[in-house]
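**Student:** Protein chains in written order, with the working numbering: chain L, 13 to 347; chain D, 39 to 403.
Every residue gets a Cβ at the ideal spot worked out from N, C-alpha and C, and that includes glycine.
For clarity, every value in this text was computed on a predicted model and none was experimentally measured.
Let me begin by handing over the structure; questions about it come next.
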C-alpha cells in the first residue's frame, strides 16, 4: 500500500455507523438497517430498498461462496450490460465498508447524493474500475468522513493493529444492487460486476443468491446483512399524510351524509375512519421507534469516538478514594 | 390503541402427571409457554404448538436475559438481552386467550408467547414477577454481595437516589419472586397430549445483534443474542472491526481494566454524589451530566471495548507518555496492575479527598 493512499481506519460494521457515515458524506434521506430475515415481506416493509450489503469472513478463491458467484457470472447473457453499472475495484483494504456503501449509492440515480459524492461520481465515472478504486482511496474528503469513526485509543496500538489484521480473520463486504431489471453483485476484489441475471423481483433474487452463499459457507462462518434504504421517517411520514388525506375525505363524506341520514352507510364510513386511525397510530409508533433509534445511534457514535482515558483515570481514582480499588483488583485477579 | 391482533385458540394442554423440576438450570424464573408467529406478513399471530419454557436468567455480565427453550429438544432460542425500561411483557388485550407479548420501546420487534402452564390463575402473578425481575435496575446483580456487606449502608442511600429500589425492597422482591417460582414449578404439569408441528419458519429473528452464525455448535458460547450490550457481542465487534485487541484470551496475562471497572465495583462510586461529580466532565459532550448517563456509559459496549484496548496498550508499555501526563511514575506504564497501584498511591498521597481537591479534578478537563 503506497503512502499516498493515506490511511483508512477500520470501522465497525454497524447500522448506526453506516447511517451516520452516509449522512456525513452529505447524502439525504438514506439510512442503513440490519436485516435478520431475507423474506420478501420484511424487506418490502423497508421500501424503498436501494441495495444490500453482505458482510462475511473472506475466504480465498475456490471457496463455496466464490463458486456460487462464478456460476452467477456464467449465467450472464448477451443482455448483460455491465457498462451502466458503476463498479470500482478495491485497492485499500480498510476502505471496504465505505466502498460497499458507495457501490449502492452511486448506482441508484434517484438518491440525492449531495455535492461530495456527486462530484466524485462525475469525476470517476469515465475511469476504468481499477482507477476508480484508486480515485476513492485518494479522495481526502471521503477518507476524512470515513476516518472520523476511528476510535481514539486505537492510535495507541496502531503498530499492533496492523500485525493483528495480518493474522486475524478478514471480513469482506459485497454489495447487491438492481440495475436495468437485472441484479448485480459488486465485489471490489473481483475484476468486474457479477451479473445475476434478469429478475422481476431483485430482492427475492438477491435473497436466493445470498442464501446460496450462506449455505456454502458451512457452520463456522459469521456474516451480517444490511440494507441501504430510504429514510424510514420520510417514508412513514408520507404514509401518515396519505392516511390523513383519506380520513379528511371520509369525514367530508360523513358530514354530507348527516343531511340525508343513511344509517348503514354512516356506520361503514365510521368504521373505515376507525381502521385508518388504528393504522395511523401504528405508523406513529414506528416513527417513535425510528426517533429513539436515531437518538441511540447518536449516543453510540459519540461513545465510539469518545476518548475514554480521562474517564477511566477518574473512575479508578474515585475507586481508590472510596477505598474499593484494592478489593476490586483482588477480585479481578481471581476471575 | 386497538391493534387488530388475533390469536387462534391454542390446543389446551391436557392435564397429565409430571415432575416438578427446574427446566432451565440457573434460571430465576420460568414458565411454560409456547411461541407464536406472525402469519406471513399479516397482523395475525398463530400459536406454534411446540412445548417450551420462557425463562429469565442472569449471566455473568449482570444483564438479565429472557429466553425461550424448546422443552422437547432442550434447545434455546429467542435469547434476548433486555435493557431495563426498554420493554414490557404484557397480556395481549385483543385476545381472550393466555397470549402475552414482549414489546420493545427501541424497536418494532414484538415476540408473542402463549401460556402452557396448567394453572391459568397464576398467569398474572408470573408476568408481574417477570417484569419485576427484568426491569430491576442495573445493580440487581449486586444482590448477593450487598447481603453480606453491611458496611455500605451509606452507598445504598445514594443508590436509592439514583432510581434503584432500596435494598430491602429488592431483597424481599427477589425472595417473593423466587418462592413464587418454586411454587409455580410445583404446580406445573407436563402436557403429554401435544405434538410439535411448527410449520412457519422463524419470523423476525434477533434484534440489534451484530452478527449471527450460520448455525449453532454444541457448546458454542456465541449465542445469537439481541440487544447491543454484552461482552460477547463486544468481542464479536472487535473481531469484525479488527482493532488493536488481537485476542483477549491469548494475551490476557494479568488484571484487566474491564474486570476492575465493572458495574458492581463502580456502584459505590456512582452512588457517591461527590465522586460522581468528578466524572461528569469526562462524559461525551452531548450527554447529560447525571448518574443515569454514567450508568449508560459504564454499560455500553463502546466503554467495554475501550477498556479492552486500554488494558492491551498498558500491558504492551505503549501508554508511557500518557501515564506521565497523569502525574504517575514511569513504573505505572508497565502493566495494568502497576497502573492501578500507582493510582491508589497517588490518591493516598493526596489525602482523603477534600472538597477543594475534587473541584480541582472536575476542572481538569
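I'd like to know whether the C-beta of residue 381(D) is nearer than 8 angstroms to at least one C-beta of chain L.
**Tutor:** Here residue 381(D) refers to the residue found at position 343 of the second chain. By this cut-off, residue 381(D) is an interface position.
**Student:** Run down chain D in chain order and give the residues with a C-beta less than 8 angstroms from the C-beta of residue 332(L).
**Tutor:** Translated into the one-based positions of the first chain, residue 332(L) becomes position 320. The contacting residues are 381, 382, 384, 385 and 386.
**Student:** Indicate whether residue 74(D) and residue 83(D) have their beta-carbon atoms separated by less than 8 angstroms.
**Tutor:** Sequence index remark: in the second chain, residue 74(D) carries index 36 (1-based). Sequence index remark: in the second chain, residue 83(D) carries index 45 (1-based). Yes.
**Student:** Within the continuous beta strand (DSSP E) that includes residue 202(L), where are the two ends?
**Tutor:** Working through the first chain from its first residue, we reach residue 202(L) at position 190. No beta strand (DSSP E) contains residue 202(L), which DSSP labels as neither H nor E.
**Student:** Can you tell which of 113(D), 143(D) and 72(D) has its C-alpha closest to the C-alpha of residue 85(D)?
**Tutor:** Counted from its first residue, the second chain places residue 85(D) at position 47. For residue 85(D), the nearest C-alpha among the options comes from 72(D).
**Student:** Please tell me whether residue 85(D) has its Cβ less than 8 angstroms away from any Cβ of chain L.
**Tutor:** Locating residue 85(D) in the second chain gives position 47, counting from the first residue. It does not: the Cβ of residue 85(D) has no partner Cβ on chain L nearer than 8 angstroms.
**Student:** Using the C-alpha atoms, what's the distance from residue 149(L) back to residue 200(L)?
**Tutor:** For the purposes of this step, residue 200(L) is identified with residue 188 of the first chain, where counting begins at 1. For the purposes of this step, residue 149(L) is identified with residue 137 of the first chain, where counting begins at 1. Their Cα atoms are separated by approximately 13 angstroms.
**Student:** How would you list, in chain order, the residues of chain D whose beta-carbon sits under 7 angstroms from the beta-carbon of residue 336(L)?
**Tutor:** Translated into positions along the first chain, residue 336(L) becomes position 324. Ordered by position in chain D, the residues that pass the 7 angstroms Cβ test against residue 336(L) are 303 and 306.
**Student:** Which of helix, strand or coil does DSSP assign to residue 98(L)?
**Tutor:** Walking along the first chain from the start, residue 98(L) turns up at place 86. Coil.
**Student:** Under the assumption that residue 240(L) contacts residue 65(L) (Cβ atoms under 8 angstroms), give the Cβ distance between them as a whole number of angstroms.
**Tutor:** Stepping through the first chain from its first residue, residue 240(L) is reached at position 228. Stepping through the first chain from its first residue, residue 65(L) is reached at position 53. Indeed, because the Cβ distance is near 7 angstroms, the residues count as touching under 8 angstroms.
**Student:** Taking only beta-carbon positions, decide if residue 144(D) is within less than 8 angstroms of chain L.
**Tutor:** Residue 144(D) sits at position 106 when you count from the first residue of the second chain. So, interface residue.
**Student:** Kindly indicate if chain D contains any beta-carbon less than 8 angstroms away from that of residue 301(L).
**Tutor:** If you number the first chain from 1, residue 301(L) lands on position 289. Yes, residue 301(L) counts as interfacial toward chain D.
**Student:** Helix, strand or coil: which one does DSSP assign to residue 138(D)?
**Tutor:** Taking the second chain and counting its residues from 1, the one referred to as residue 138(D) is at position 100. Strand, per DSSP.
**Student:** Among 97(L), 187(L) and 139(L), which one has its Cα closest to the Cα of residue 68(L)?
**Tutor:** Numbered from its first residue, the first chain carries residue 68(L) at position 56. Measuring from the Cα of residue 68(L), the nearest candidate turns out to be 187(L).
**Student:** Which residues mark the beginning and the end of the alpha helix (DSSP H) in which residue 350(D) is found?
**Tutor:** Reading the second chain from its first residue, position 312 is the one you call residue 350(D). 339-353 is the span of the alpha helix (DSSP H), which, as asked, contains residue 350(D).
**Student:** What three-state label does DSSP hand residue 70(D) in the structure shown?
**Tutor:** Within the second chain, residue 70(D) is the residue found at index 32, counting from 1. Strand at residue 70(D).
**Student:** Beta-carbon separation of residue 236(L) and residue 25(L) under 8 angstroms?
**Tutor:** Working through the first chain from its first residue, we reach residue 236(L) at position 224. Working through the first chain from its first residue, we reach residue 25(L) at position 13. Yes. Within cutoff.
**Student:** Would you verify that the beta carbon of residue 312(L) is, or is not, closer than 8 angstroms to some beta carbon of chain D?
**Tutor:** Within the first chain, numbered from 1, the residue matching residue 312(L) stands at position 300. So, interface residue.
**Student:** Just checking: is the beta-carbon of residue 107(L) within a distance shorter than 8 angstroms of some beta-carbon in chain D?
**Tutor:** Numbered from its first residue, the first chain carries residue 107(L) at position 95. Not one chain D Cβ lies under 8 angstroms of residue 107(L).
**Student:** Short check: CB of residue 100(L) to CB of residue 144(L), under 8 angstroms?
**Tutor:** Counting from 1 along the first chain, the entry for residue 100(L) is found at position 88. Counting from 1 along the first chain, the entry for residue 144(L) is found at position 132. Yes, the pair counts as a contact, with Cβ atoms nearer than the cut-off.
**Student:** Check for me: the beta strand (DSSP E) holding residue 148(D) runs from which residue to which?
**Tutor:** For the purposes of this step, residue 148(D) is identified with residue 110 of the second chain, where counting begins at 1. Residue 148(D) -> beta strand (DSSP E) spans 148-153.
**Student:** For residue 348(L), write down the residues that DSSP places opposite it in a beta bridge.
**Tutor:** No answer is possible for residue 348(L): it lies beyond the span of chain L, which begins at 13 and ends at 347.
**Student:** I want to see whether chain L comes within less than 8 angstroms of residue 322(D), judged by CB atoms only; does it?
**Tutor:** Indexing the second chain from 1 puts residue 322(D) at position 284. Yes, residue 322(D) counts as interfacial toward chain L.
**Student:** Given a cut-off of 8 angstroms, decide if residue 387(D) and residue 332(L) are closer than it, judged by their beta-carbon atoms.
**Tutor:** Locating residue 332(L) in the first chain gives position 320, counting from the first residue. Locating residue 387(D) in the second chain gives position 349, counting from the first residue. Their beta carbons are not under 8 angstroms apart, which means residue 332(L) does not touch residue 387(D) by this criterion.
**Student:** Using the Cα positions of residue 318(L) and residue 33(L), report the straight-line distance between them to the nearest angstrom.
**Tutor:** One-based indexing of the first chain puts residue 318(L) at position 306. One-based indexing of the first chain puts residue 33(L) at position 21. Approximately 16 angstroms, taken between the alpha carbons.
**Student:** Measuring only the C-alpha atoms, how far is residue 213(L) from residue 344(D)?
**Tutor:** Here residue 213(L) refers to the residue found at position 201 when the first chain is read from its first residue. Here residue 344(D) refers to the residue found at position 306 when the second chain is read from its first residue. Their Cα atoms are separated by approximately 43 angstroms.
**Student:** Compare the beta carbon distance of residue 42(L) and residue 243(L) with 8 angstroms and say whether it is the shorter of the two.
**Tutor:** As a position in the first chain, residue 42(L) is number 30, starting the count at 1. As a position in the first chain, residue 243(L) is number 231, starting the count at 1. Result yes, Cβ atoms of residue 42(L) and residue 243(L) sit closer than 8 angstroms.
**Student:** Is the Cβ of residue 305(L) closer than 8 angstroms to any Cβ of chain D?
**Tutor:** Position 293 of the first chain, counted from the start, is the residue given in the question as residue 305(L). Cβ-Cβ to chain D under 8 angstroms: yes for residue 305(L).
**Student:** Express the C-alpha separation of residue 259(L) and residue 296(L) in angstroms, rounding to a whole number.
**Tutor:** Here residue 296(L) refers to the residue found at position 284 when the first chain is read from its first residue. Here residue 259(L) refers to the residue found at position 247 when the first chain is read from its first residue. Cα-Cα distance, rounded: 15 angstroms.
**Student:** Please report the residue range of the alpha helix (DSSP H) in which residue 338(L) lies.
**Tutor:** In the first chain, the residue the question calls residue 338(L) occupies position 326. Per DSSP, residue 338(L) belongs to the alpha helix (DSSP H) from 337-345.
**Student:** With distances taken Cα to Cα, identify the nearest neighbour of residue 121(D) among 339(D), 310(D), 320(D) and 363(D).
**Tutor:** Numbered from 1 along the second chain, position 83 holds the residue referred to as residue 121(D). Nearest C-alpha to residue 121(D): 339(D).
**Student:** By the three-class DSSP mapping on this structure, what secondary structure does residue 113(D) have?
**Tutor:** By one-based count along the second chain, residue 113(D) stands at place 75. Looking at residue 113(D) - three-state DSSP - the assignment turns out to be coil, as it is neither helix nor strand.
**Student:** Name the chain D residues that come within less than 8 angstroms of residue 315(L), Cβ to Cβ?
**Tutor:** To locate residue 315(L), count along the first chain from 1; it is residue 303. Those within 8 angstroms of residue 315(L) in chain D are 322, 335, 338, 340 and 341.
**Student:** What alpha helix (DSSP H) runs, 4 residues minimum, are completely inside the segment 257-317 of chain L?
**Tutor:** Correct list: 275-317.
**Student:** What does the Cβ neighbour count give for residue 294(D), buried or exposed, with the cut at 16 atoms within 10 Å?
**Tutor:** As a working note, residue 294(D) is residue 256 in the second chain. Buried.
**Student:** Assuming residue 55(L) is part of the alpha helix (DSSP H), what are its boundary residues?
**Tutor:** Working through the first chain from its first residue, we reach residue 55(L) at position 43. From DSSP, the alpha helix (DSSP H) with residue 55(L) extends over 52-56.
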